[in-house]
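When we follow the working numbering, the leftmost residue of the sequence shown carries the number 16, and every step to the right adds one. All remarks here apply to the structure that follows.
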Amino acid sequence: MKTIHQATALLAATLLAACGGSDNDDPPVTPPAATPQLKLSVTATEDFPGSYGSVGAYERLTGSISGEVDPKDPKNAVIQDLALAPVNARGMVEYSAEFVLLKPKDMAKAGGVLRYDAPNRGNILTMLNPTATPSDAVYLERGYVLLYSAWQGDVPKSSAARLTATVPVAKNADGSSITGPYRAELVPTAATPVMTLPGGVFNGTMIPYAPASLDNTQPGYSLTRRVNETDARQLVPASDWKFADCSATNAFPGTADGSKVCLKGGFDPKYLYELVYVAKDPKVMGVGLAALRDTVSFFRKATADSAGTANPLAGRITHAIGQGTSQSGNAMKTFLHLGFNQALDGGKVFDGMYAHVAARQTNINTRFAVPGGGGGLRTDHTAFGQTAPRGLAADYMDDVSGRQGGVMKRCTASNTCPRFFLGLSGTEFWQLQGSPVLTDAFGLRDLAQPDNARIYYYASTQHGGTGGTASIAYAPTRNVYPAGTVVHFTDTFRALFIALEDWVVRGTEPPASQVPRLADGTLARPDQLVFPAMKGLSWPVSGTATAIPDFSYLARYNGFPLLDFGPQYIAQDEAGIATLLPPYYTGRDYAILVPQVDPATGLTRAGIKSVEARAPLGTSIEFNYVATPGIVDLSNLTGSFIPFHTTEAARIAAGDTRPSLESLYGTQAGYVAAVTTAANQLVAERFLLQRDAELRIQQATATAVLP
Numbered sequence: 016m017k018t019i020h021q022a023t024a025l026l027a028a029t030l031l032a033a034c035g036g037s038d039n040d041d042p043p044v045t046p047p048a049a050t051p052q053l054k055l056s057v058t059a060t061e062d063f064p065g066s067y068g069s070v071g072a073y074e075r076l077t078g079s080i081s082g083e084v085d086p087k088d089p090k091n092a093v094i095q096d097l098a099l100a101p102v103n104a105r106g107m108v109e110y111s112a113e114f115v116l117l118k119p120k121d122m123a124k125a126g127g128v129l130r131y132d133a134p135n136r137g138n139i140l141t142m143l144n145p146t147a148t149p150s151d152a153v154y155l156e157r158g159y160v161l162l163y164s165a166w167q168g169d170v171p172k173s174s175a176a177r178l179t180a181t182v183p184v185a186k187n188a189d190g191s192s193i194t195g196p197y198r199a200e201l202v203p204t205a206a207t208p209v210m211t212l213p214g215g216v217f218n219g220t221m222i223p224y225a226p227a228s229l230d231n232t233q234p235g236y237s238l239t240r241r242v243n244e245t246d247a248r249q250l251v252p253a254s255d256w257k258f259a260d261c262s263a264t265n266a267f268p269g270t271a272d273g274s275k276v277c278l279k280g281g282f283d284p285k286y287l288y289e290l291v292y293v294a295k296d297p298k299v300m301g302v303g304l305a306a307l308r309d310t311v312s313f314f315r316k317a318t319a320d321s322a323g324t325a326n327p328l329a330g331r332i333t334h335a336i337g338q339g340t341s342q343s344g345n346a347m348k349t350f351l352h353l354g355f356n357q358a359l360d361g362g363k364v365f366d367g368m369y370a371h372v373a374a375r376q377t378n379i380n381t382r383f384a385v386p387g388g389g390g391g392l393r394t395d396h397t398a399f400g401q402t403a404p405r406g407l408a409a410d411y412m413d414d415v416s417g418r419q420g421g422v423m424k425r426c427t428a429s430n431t432c433p434r435f436f437l438g439l440s441g442t443e444f445w446q447l448q449g450s451p452v453l454t455d456a457f458g459l460r461d462l463a464q465p466d467n468a469r470i471y472y473y474a475s476t477q478h479g480g481t482g483g484t485a486s487i488a489y490a491p492t493r494n495v496y497p498a499g500t501v502v503h504f505t506d507t508f509r510a511l512f513i514a515l516e517d518w519v520v521r522g523t524e525p526p527a528s529q530v531p532r533l534a535d536g537t538l539a540r541p542d543q544l545v546f547p548a549m550k551g552l553s554w555p556v557s558g559t560a561t562a563i564p565d566f567s568y569l570a571r572y573n574g575f576p577l578l579d580f581g582p583q584y585i586a587q588d589e590a591g592i593a594t595l596l597p598p599y600y601t602g603r604d605y606a607i608l609v610p611q612v613d614p615a616t617g618l619t620r621a622g623i624k625s626v627e628a629r630a631p632l633g634t635s636i637e638f639n640y641v642a643t644p645g646i647v648d649l650s651n652l653t654g655s656f657i658p659f660h661t662t663e664a665a666r667i668a669a670g671d672t673r674p675s676l677e678s679l680y681g682t683q684a685g686y687v688a689a690v691t692t693a694a695n696q697l698v699a700e701r702f703l704l705q706r707d708a709e710l711r712i713q714q715a716t717a718t719a720v721l722p
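Given below as structure tokens:
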């Protein structure tokens, strides 16, 4: 607080300066640095359905945060191109972010925990719906406040439910457009005359970067095609493609359009297309991480915003836990890695953090970043989350690249690390290069994890989905085997989140990490896996029994090459400017390992085994194969399910070496008893809530498996 003398001196100096002079030779008084302003706007308040234990009714607030980022604050120095963003009269860079808030109507009944769920490409994946998923009510019964706030600056407002953030565009000092190389992969799933930018499996719905020129004959522009990632690129002549829209007429060259590419003869789904061009007007995407930092800090700590509008949570939040799933989980790891868990006041933003099915990081802090990207073996293999450190510990050493320092290096230095959970499905090992978080870069030794971190592997699961036999679908022209895994992790996640709350709020140690390891042989190189024979089975397709091909293990997985994006790229932070596109392969690779399987059942040996893995109805496999001839790829983020034969006689006749349901359980009552035992064990281990255990037992009782 300023003294009266300081305030009077400042006022006098200001008045004298305004009059054009001074009456003495004293040096001028320097005004204090401006404090970034933040303003809250609540546009709607509505009742949320239901009443939740002693907490009672909830309400849903919808609105936006308008804030500022100080480009001179060292806490923001890591943001790529922040110095090139326009500033307002206060010298601040502006942003806005939409949010949704679920809170008890009576905040006196709130439990003190603010849970932030990061939207995935603007979508609220985990918006609670206790009507559809009654177990989700556990969070509201505990008095949680739930916040969903945008962080990603390339999300279009394509629906009212999508949360968007507005971040600035970087410009040259004279106000002209910044230009530079940009690369996209165009992945058609069906024959089409036109593809929408920015490309990739997921980000076709993101706001693209416009080309600096629509003239594709200029240097720096090319379109190539190849069947598989490792095949040689075939150049498509510039005369055969244009930045244009030909969707209405299917006629090349179409109408000029910088957001689309029209190809003469159309795009063929058997090819992977790679587009390189000179883009303009890069967004300062990293501002989205600062917006997230300051938004959560406001709701957690502030009494009111800069205009005096009251914080609806003021005085009621004691702890904050952040969560992200898949792409948004990668973003939470990036948030932590780049130092944003240090709030502007020096304290922590999040006391706890759960990065769920999140093996990578998010490409948000490079010039021409595309945070909505993603991919697997064939697609976006070299451009998403590939260079930032995979180890968690501050002293992690990457022996392949020679770089030092893991995800927690910055927060360790500032003493702002949260208690951290990382959750991995099987897909993270096979397609998303997950194993380097568990081993050294060469895959020769297990890593010791920090004391404030736990890693949980959900055994025999794919990247998403609800699990259960009803979730399995079979389209033989798309996937070789029935798609999906009966084994799931939704119940496990719920129980672990409560365990994280207990650790953060009450200091109760959570369950130990549950991961495959080199030391006990449960983590292995892909060519070391030996699956049991799985033969002679069928699956209903359109009401008809369709034969499932006998299982054949092909050991396909996504490798992890060390790439060179050019001298202006900061690989340690996945920041900077990529000037080598496509990137240069250095000839060095990180080791990729995968969970070892049980030779009797084909289910994986390590990790948290949910009810469906402890009382299985078949083999849930953590990958599937694309059925399209000529394409060597894993089905994107998809597993497989090969059921057990019902009887011993059928199993023996087919030559299937796995157990039959009859041999495992004997009768339906035996199956229910096995499910009951598994559920009770998981509750005791704190990997299942009691309400979910009861639901699984009820489902087993209602599902006829055996006579």
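Glycine included, every Cβ here is placed at the ideal spot set by N, Cα and C. Note that the structure is a prediction, hence the values are computed from the model and not measured.
Just grab the DSSP bridge partners of residue i for me.
i, result
"residue 186", "192"
"residue 282", "207"
"residue 619", "612"
"residue 335", "129"
"residue 488", "498"
"residue 438", "371, 471"
"residue 363", "357"
"residue 418", "413"
Measure the C-alpha to C-alpha separation of residue i and residue j and round it to an integer number of angstroms.
i, j, result
"residue 696", "residue 662", "27 angstroms"
"residue 537", "residue 193", "50 angstroms"
"residue 134", "residue 721", "42 angstroms"
"residue 736", "residue 138", "Residue 736 falls outside the range modelled here, since the chain spans only 16 to 722, and no answer is possible."
"residue 237", "residue 231", "7 angstroms"
"residue 167", "residue 222", "11 angstroms"
"residue 675", "residue 181", "56 angstroms"
"residue 434", "residue 518", "8 angstroms"
"residue 541", "residue 79", "47 angstroms"
"residue 295", "residue 187", "11 angstroms"
"residue 714", "residue 469", "31 angstroms"
"residue 225", "residue 298", "11 angstroms"
"residue 455", "residue 462", "6 angstroms"
"residue 341", "residue 664", "43 angstroms"
"residue 40", "residue 81", "Low per-residue confidence applies at residue 40: pLDDT is 45, beneath 50, and the placement is therefore not dependable, though the value from the model is reported in the following sentence. Between residue 40 and residue 81, the C-alpha separation is close to 42 angstroms."
"residue 430", "residue 308", "16 angstroms"
"residue 532", "residue 453", "8 angstroms"
Which of the three DSSP states is assigned to residue i in this structure?
i, result
"residue 321", "coil"
"residue 494", "strand"
"residue 624", "coil"
"residue 316", "helix"
"residue 556", "strand"
"residue 467", "coil"
"residue 381", "strand"
"residue 677", "helix"
"residue 101", "coil"
"residue 658", "strand"
"residue 177", "coil"
"residue 277", "strand"
"residue 543", "helix"
"residue 161", "strand"
Return the first residue and the last residue of the beta strand (DSSP E) that residue i is part of.
i, result
"residue 115", "108-119"
"residue 14", "Because residue 14 is not part of the residues shown, which for the chain are 16 to 722, the question remains open."
"residue 347", "Where residue 347 is concerned, there is no enclosing beta strand (DSSP E), although the alpha helix (DSSP H) it sits in stretches over 342-352."
"residue 636", "633-636"
"residue 67", "53-67"
"residue 75", "71-84"
Can you name the start and end residues of the alpha helix (DSSP H) that residue i belongs to?
i, result
"residue 444", "442-445"
"residue 124", "From DSSP, residue 124 is part of no alpha helix (DSSP H); its letter is neither H nor E."
"residue 683", "683-699"
"residue 509", "505-516"
"residue 154", "152-156"
Report, in whole angstroms, the separation of the C-beta atoms of residue i and residue j, which I expect to be a contact under 8 angstroms.
i, j, result
"residue 438", "residue 369", "7 angstroms"
"residue 364", "residue 577", "About 32 angstroms separates the two Cβ atoms, so there is no contact after all."
"residue 110", "residue 164", "That pair is no contact at about 12 angstroms."
"residue 514", "residue 526", "6 angstroms"
"residue 278", "residue 458", "About 41 angstroms separates the two Cβ atoms, so there is no contact after all."
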